[in-house]
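> Numbering (our numbering), first residue to last: 33 to 91.
Where a beta carbon is used, it is the ideal one built from N, C-alpha and C, also for glycine.
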């Protein structure tokens, strides 16, 4: 397995999917390669962790 150059679907920049990352994905059973670079992945994760969609319950 060799490093692969992939293109981020959000920013369009090229990023490297390393041999180690590929081995990790295979070990975890992930079939798809990453779609986003590390920066966009972190931004997307931060956006998803902001909450929202919840309700304010009053006691």
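Return the bridge partner residues of residue 92 from the DSSP annotation.
With the chain represented from 33 up to 91, any question about residue 92 goes unanswered, as that position is not in the structure.
> So, residue 154 versus residue 42, is the Cβ gap smaller than 7 Å?
This structure leaves residue 154 out entirely; the chain is present only between 33 and 91.
> Taking 7 Å as the threshold (C-beta atoms), are residue 35 and residue 50 in contact?
A contact, by the Cβ cut-off of 7 Å.
> Consult DSSP for residue 64 and reduce its assignment to one of helix, strand or coil.
Note: residue 64 maps to coil in three-state DSSP.
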